[in-house]
Structure formats: C-alpha cells, structure tokens
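A.B. asks: Residue numbers (numbering that gives the first Met the number 0): 0 to 251. Input: one structure, supplied below.
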Amino acid sequence: MRRLMVAGNWKMHGSRAANAALLTELDLTLKAEWPIDMVVFPPSVYLADTARRLTDGVIGVGAQDVSAESAGAFTGQVSASMLKDVGCLYTLVGHSERRQLNREDDALVARKFAAVQGAGLIPILCVGETLQEREAGNTEGVVARQVDAVINMHGIGALAGSVLAYEPVWAIGTGRTASPEQAQAVHAFLRGRIRTQDANIATELRILYGGSVKASNAAELFSMTDVDGGLVGGASLSADEFQQICAAAAAR
Ligand code: 13P
C-alpha cells in the first residue's frame with residue numbers, strides 16, 4: 000500500500016512571524032499517528048528556520064526549487080546538497096510556475112531531478128498541461144513528454160522512490176479543480192505508462208494531485224485509486240484547511 004502524502008507549497012508567501020504562527024498551529028493539529036507523509040515547502044530563505052522548528056519528524060520540510068548544478072559560480076542559486084544540509088527531505092522540480100515564468104525546459108528539469116537524488120533528497124516531479132493543451136486533446140502527450148524527459152536522461156530506475164505531482168496548469172490558483180475523474184484518468188495514464196517499463200516502480204510510485212485542492216474537495220480526490228495525496232498551494236497557508244486536507248488523506 001502506498002503511503003499517502005500531503006505537501007503544502009507556500010510559494011512566495013510568508014514571513015518569520017507568519018511562518019512561526021502557522022507552524023505552531025500545525026504542530027498542535029497534525030497528528031503524529033496519521034499514516035501519511037506531511038511536508039511543507041516554504042520559500043528558500045525560511046527553510047533552515049522551518050527545519051529547526053520541525054525536529055520531531057511529524058512534518059517534513061522541502062524546497063520549491065533547486066539548482067541543477069552542484070557548486071560554483073551560479074549567483075542566486077541553491078544546490079541540492081545545501082538544501083539537505085539545512086534539513087530538507089524533498090524538493091519540487093519542474094513546478095509549472097518555474098516552467099512558465101523562469102522558462103525551465105524539460106532537459107533542465109531532468110537535470111535538477113538527478114541533482115536532487117544525487118544529494119540524497121526525494122524529488123517531486125511536477126507535470127501538467129495548460130488549458131490550451133487540454134482543449135487540443137494533448138494532455139497525455141504533454142505529461143508523457145515531461146516524465147519521459149527524466150526517464151530518457153536517467154533511466155526508469157530514477158523514478159524509484161521519487162514522487163510525481165500532476166498539476167494541471169488551468170487548475171492552479173484558479174479555484175477550478177480537476178474533477179476526481181479527470182485527475183484519476185491522468186494519474187492512471189501516467190502509472191500505466193511507467194508500468195510498461197517497470198511494474199514495481201509503477202506500483203510503488205506516489206502520484207499527487209495539485210490544483211485548487213481544499214478541505215472541501217480533498218476527500219473526493221483522495222478516494223481515487225491512483226491519487227496518492229495532494230500538492231496544495233493556497234490552502235496550505237491556512238492551518239485549518241491544511242489540517243483538514245491531511246485528515247482526509249489519513250482517513251482514506
Ligand atoms: P493551488 O492549490 O493554490 O491551486 O496551487 C497548486 C500548486 O501549484 C501547488 O504546487
């Protein structure tokens with residue numbers, strides 16, 4: 000049985016005071032006995048502080064982005080080993096906002112994926128189509144291309160122990176969630192495609208759904224066979240919403 004995961008991507012929100020308040024509330028409300036992984040993804044300047052506060056292991060810490068390089072003259076970048084050094088366990092790679100706003104292409108995302116694994120962290124590879132791509136009937140083509148970029152560069156074995164996140168771009172921050180059936184269809188497609196190359200990896204692989212997940216729709220989404228949790232944006236900034244989403248995952 001795959002262990003569900005709920006990941007809270009704070010994006011570029013927060014402050015030392017606001018983070019402290021949120022983490023204190025989460026500490027009080029998230030239950031250590033829930034059989035799921037709960038992780039928060041603060042902006043990089045707050046990672047060390049967040050990791051220092053979360054030492055009991057109930058809530059993990061991850062980074063929203065990472066450099067593909069290991070060290071050197073890369074002003075402004077942060078390496079995977081630095082993220083590990085300050086207490087991160089996970090790193091998102093290929094979030095659609097980075098693909099779109101920072102022009103990250105599939106090849107760069109694949110290099111980042113390997114850098115994360117090389118440092119001993121778990122990459123969460125984000126994939127997803129735009130509204131235009133969905134309407135053109137190209138959803139499967141886009142997510143397949145995004146996953147294949149990693150497989151072609153590093154082999155199918157690279158997906159072992161990693162996490163995928165299906166985040167349709169049209170559902171991010173729009174309040175327009177994919178229906179549970181739409182999410183399930185893409186998750187099943189991804190798992191099926193990976194199964195043709197390695198059945199064990201496909202069975203174990205966790206595929207999270209992201210895009211306007213909230214307390215009111217989480218249980219329905221998590222009830223789908225191939226939806227192994229959520230990558231939550233806006234709703235993860237509310238302790239109450241995040242707690243309810245985690246409770247929904249724990250109850251599946
Ligand atoms: P929202 O939950 O705000 O739609 O964001 C989803 C997301 O991009 C998480 O990485």
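Quick reminder that beta carbons are idealized off the backbone N, C-alpha and C, glycines included.
#1: Hey, how far is the Cα of A157 from the Cα of V126?
#2: Excluding the 5 residues flanking D227 on each side, which residues of the same chain have their C-beta closer than 7 angstroms to its C-beta?
#3: Please state whether DSSP places L204 in a helix, a strand or coil.
#4: Using a Cβ-Cβ cut-off of 6 angstroms (strictly less than) and excluding sequence neighbours within five positions of R52, which residues of its own chain qualify?
#5: Taking the alpha-carbon positions, what's the A113 to G119 distance?
#6: Are V146 and L107 close, meaning C-beta to C-beta below 9 angstroms?
#7: Between P179 and I35, what straight-line distance do the alpha-carbon atoms span, to the nearest angstrom?
#8: Assess contact between the stretch 220-237 and the stretch 195-202, defined as three or more Cβ pairs (one per stretch) separated by less than 8 angstroms. Is contact present?
#9: Considering only their Cβ atoms, is the gap separating G210 from T173 smaller than 9 angstroms?
#10: Which same chain residues, not among the five before or five after V77, have their C-beta less than 7 angstroms away from its C-beta?
#11: Check whether the Cβ atoms of L124 and W169 lie closer than 9 angstroms to each other.
#12: Compare the C-alpha of A249 against each of V162, M37, A16 and name the closest.
#13: Report yes if the C-beta distance between N151 and A109 is below 9 angstroms; otherwise report no.
#14: Kindly provide the ranges of any alpha helix (DSSP H) runs that are 4 or more residues long and lie completely inside the stretch 88-135, ordered along the chain.
#15: Cβ of S90 versus every heavy atom of ligand 1: is any distance shorter than 8 angstroms?
#16: Closer than 6 angstroms by C-beta to S69: which residues in its own chain qualify, once you throw out the five before and the five after it? Chain order, please.
#17: Quick check: what's the CA-CA separation for G154 versus P122?
#18: Quick check on G229: buried or exposed, where buried means 16 or more other Cβ atoms within 10 Å of its Cβ?
#19: Tell me whether L291 is buried or exposed, calling it buried when 16 or more other Cβ atoms sit within 10 Å of its Cβ.
#20: In terms of residue numbering, what span does the beta strand (DSSP E) encompassing A62 cover?
#21: Beta carbon of H186: closer than 8 angstroms to some heavy atom of ligand 1?
#22: Please report the Cβ distance between V57 and G86, rounded to the nearest whole angstrom; I am assuming they are in contact, meaning their Cβ atoms lie under 8 angstroms.
#23: Do A6 and A164 have their C-beta atoms closer together than 9 angstroms?
#24: Which residue marks the beginning of the beta strand (DSSP E) containing D36, and which one marks its end?
#25: Looking at the structure shown, is V231 part of a helix, part of a strand, or coil, going by DSSP?
#26: Shorter than 8 angstroms, the distance from the beta carbon of T224 to the closest heavy atom of ligand 1, or not?
#27: So which of V231, E103, G13, G93 has the shortest CA-CA distance to T49?
C.D. replies: Concretely, from the data shown:
#1: Counting from 1 along the sequence shown, the entry for residue 157 is found at position 158. Counting from 1 along the sequence shown, the entry for residue 126 is found at position 127. About 16 angstroms.
#2: Within the sequence shown, residue 227 is the residue found at index 228, counting from 1. So the list reads R1, L3, M4, R205, I206, L207, once near-sequence residues are dropped.
#3: Numbered from 1 along the sequence shown, position 205 holds the residue referred to as residue 204. Here L204 sits in coil by DSSP.
#4: By 1-based counting over the sequence shown, the position of residue 52 is 53. Hits under 6 angstroms: L22.
#5: The residue labelled residue 113 in the question sits at position 114 within the sequence shown. The residue labelled residue 119 in the question sits at position 120 within the sequence shown. Each residue's alpha carbon lies about 10 angstroms from the other.
#6: As a working mapping, residue 146 is identified with position 147 in the sequence shown. As a working mapping, residue 107 is identified with position 108 in the sequence shown. Contact: no.
#7: In the sequence shown, counting from the first residue as 1, residue 179 sits at position 180. In the sequence shown, counting from the first residue as 1, residue 35 sits at position 36. Rounded to whole angstroms, P179 to I35 spans 20 angstroms at the Cα level.
#8: As far as the Cβ criterion goes, the stretch 220-237 does not touch the stretch 195-202, which means the pair count is below three.
#9: Along the sequence shown, read from residue 1 onward, the residue named residue 173 stands at position 174. Along the sequence shown, read from residue 1 onward, the residue named residue 210 stands at position 211. Taking 9 angstroms as the cut-off, the beta carbon of T173 is found closer than this to the beta carbon of G210.
#10: To locate residue 77, count along the sequence shown from 1; it is residue 78. Hits under 7 angstroms: S43, V65, S66.
#11: The residue given as residue 124 occupies position 125 in the sequence shown. The residue given as residue 169 occupies position 170 in the sequence shown. No, these two residues do not count as a Cβ contact at 9 angstroms.
#12: In the sequence shown, counting from the first residue as 1, residue 249 sits at position 250. When each option's Cα is compared against that of A249, the closest is M37.
#13: Working through the sequence shown from its first residue, we reach residue 151 at position 152. Working through the sequence shown from its first residue, we reach residue 109 at position 110. Their beta carbons are under 9 angstroms apart, which means N151 touches A109 by this criterion.
#14: 95-100, 105-117, 130-134
#15: One-based indexing of the sequence shown puts residue 90 at position 91. A small fix is needed here, since residue 90 is Thr in this sequence, not Ser. No, Cβ of T90 sits at least 8 angstroms from all heavy atoms of ligand 1.
#16: Your numbering for residue 69 matches position 70 in the sequence shown. Only S78 meet the Cβ criterion.
#17: Mapped onto the sequence shown, residue 154 falls at position 155. Mapped onto the sequence shown, residue 122 falls at position 123. G154 and P122: Cα-Cα distance of roughly 15 angstroms.
#18: Sequence index remark: in the sequence shown, residue 229 carries index 230 (1-based). Buried, since its Cβ has 16 or more Cβ neighbours within 10 Å.
#19: There is no way to answer for residue 291, as the model of the chain reaches only from 0 to 251.
#20: As a working note, residue 62 is residue 63 in the sequence shown. Element bounds for A62: 58-62.
#21: Start at 1 with the first residue of the sequence shown, and residue 186 comes out as number 187. It does not: the Cβ of H186 is nowhere closer than 8 angstroms to a heavy atom of ligand 1.
#22: Taking the sequence shown and counting its residues from 1, one reaches residue 57 at position 58. Taking the sequence shown and counting its residues from 1, one reaches residue 86 at position 87. Actually they do not touch by this definition, with Cβ atoms about 14 angstroms apart.
#23: Position 7 of the sequence shown, counted from the start, is the residue given in the question as residue 6. Position 165 of the sequence shown, counted from the start, is the residue given in the question as residue 164. With contacts defined as CB atoms closer than 9 angstroms, A6 and A164 qualify as a contacting pair.
#24: Locating residue 36 in the sequence shown gives position 37, counting from the first residue. Start and end: 36-40.
#25: The residue given as residue 231 occupies position 232 in the sequence shown. In the structure shown, V231 sits in a strand (DSSP, three-state: E or B).
#26: By one-based count along the sequence shown, residue 224 stands at place 225. Because no heavy atom of ligand 1 lies under 8 angstroms away, the Cβ of T224 does not count as near it: no.
#27: Stepping through the sequence shown from its first residue, residue 49 is reached at position 50. The candidate whose alpha carbon is nearest that of T49 is G13.
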